[in-house]
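S.K.: Chains as they are written, first to last, in our numbering: chain F, 84 to 196; chain A, 636 to 749. In this text, a Cβ means the ideal position worked out from N, Cα and C, and glycines have one as well. Computed from a predicted model, the values in this text were never measured in an experiment. Sending over a structure as structure tokens; questions will come in a sec.
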């Protein structure tokens with residue numbers, strides 16, 4: 084799985100958009116970009132994933148650059164409950180022996196009132 | 636649906652004691668996983684079970700054993716606990732065909748080995 088680089092921490096004002104960047108310059112053609120988050124003391128929670136097109140769901144939007152070397156997770160209207168560690172993970176789809184989901188240290192997003 | 640449940644929520648062991656962490660899911664998922672998370676670190680995969688009847692080692696399997704009891708249940712056993720196994724343990728499950736293959740995580744078991 085490709086290595087990812089994320090900022091250690093970010094701040095965001097409540098009600099504003101939170102834009103979390105992730106670099107994955109060694110991504111392969113068959114690797115997807117996944118985002119999870121972990122609210123303090125809870126298990127991680129899936130947010131969104133994509134291959135090369137931008138994606139949107141009820142939680143967030145995912146913007147992947149055309150060369151796929153980086154991506155941005157957008158929380159359009161951040162709330163205090165969005166304070167969490169956000170993990171960007173690059174992986175192939177599961178199959179054979181490829182079941183591993185590799186978590187790095189992620190970005191601690193703090194949403195301030 | 637309860638999702639992924641784990642028992643116990645907290646446990647304190649003495650060095651050398653054994654215990655089994657239990658995990659169950661009610662989402663009819665094929666694959667199940669055990670992770671550990673040390674303070675300030677990301678999660679590391681201990682063992683996984685791609686489907687009922689199979690188990691495989693992850694990144695940090697030493698000191699652990701697993702059993703996929705049936706499609707719903709996947710247990711993690713510490714035969715002789717060591718202080719280095721003090722951690723938060725998360726169980727997860729996922730589908731393996733179609734969909735986003737996202738993993739659903741339980742609430743965790745906080746284990747302290749003294």
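Alpha carbon to alpha carbon, what distance is there between residue 653/A and residue 702/A?
M.R.: Each residue's Cα considered, the two are about 15 Å apart.
S.K.: Can you tell me which residues form a DSSP beta bridge with residue 104/F?
M.R.: Bridge partners of residue 104/F: 155/F.
S.K.: Taking Cβ-Cβ distances shorter than 7 Å, what residues in chain F pair up with residue 660/A?
M.R.: Chain F residues near residue 660/A: none, gap ~12 Å exceeds 7 Å.
S.K.: In chain order, which continuous runs of the beta strand (DSSP E) of length 3 or greater are located wholly inside the region 108-166 of chain F?
M.R.: Segments of the beta strand (DSSP E) lying fully in the region 108-166 of chain F: 115-121, 128-133, 144-147, 153-158.
S.K.: Rounding to the nearest angstrom, what Cα-Cα distance links residue 736/A and residue 142/F in this structure?
M.R.: Taking the straight line joining both Cα atoms gives about 17 Å.
S.K.: Would you mind sorting residue 98/F into buried or exposed? The rule is 16 or more other CB atoms within 10 Å of its CB.
M.R.: With fewer than 16 Cβ atoms within 10 Å of its Cβ, residue 98/F is classed as exposed.
S.K.: Run through the DSSP bridge pairs and tell me what residue 692/A is partnered with.
M.R.: Its beta-bridge partners are 682/A.
S.K.: Measuring only the C-alpha atoms, how far is residue 650/A from residue 692/A?
M.R.: Approximately 23 Å, taken between the alpha carbons.
S.K.: Does the region 674-685 of chain A come within contact of the region 697-712 of chain A, defined as at least 3 CB pairs closer than 8 Å?
M.R.: At 8 Å Cβ cutoff, the stretches touch.
S.K.: Got a sec, what are the start and stop residues for the beta strand (DSSP E) residue 700/A sits in?
M.R.: From DSSP, the beta strand (DSSP E) with residue 700/A extends over 699-703.
S.K.: In the structure shown, what three-state DSSP assignment does residue 719/A receive?
M.R.: Looking at residue 719/A - three-state DSSP - the assignment turns out to be helix.
S.K.: For residue 169/F, would you say it is in contact with chain A, using Cβ-to-Cβ distances shorter than 8 Å as the test?
M.R.: So, not an interface residue.
S.K.: Apart from the five residues just before and just after residue 94/F, which ones in its own chain have a Cβ nearer than 7 Å to its Cβ?
M.R.: 193, 195.
S.K.: Counting C-beta neighbours from all protein chains within 10 Å, is the total for residue 160/F 16 or more, i.e. buried, or is it exposed?
M.R.: With fewer than 16 Cβ atoms within 10 Å of its Cβ, residue 160/F is classed as exposed.
S.K.: Taking only beta carbons into account, state which residues of the region 138-163 of chain F come closer than 7 Å to chain A, listed in chain order.
M.R.: Here the close residues number zero.
S.K.: Assuming residue 743/A contacts residue 188/F (C-beta within less than 8 Å), just tell me the rounded distance between them.
M.R.: About 18 Å separates the two Cβ atoms, so there is no contact after all.
S.K.: Using the Cα positions of residue 119/F and residue 139/F, report the straight-line distance between them to the nearest angstrom.
M.R.: Rounded to whole angstroms, residue 119/F to residue 139/F spans 14 Å at the Cα level.
S.K.: Compute the Euclidean distance between the alpha carbons of residue 166/F and residue 92/F, then round it to the nearest angstrom.
M.R.: Going by the C-alpha atoms only, they are around 11 Å apart.
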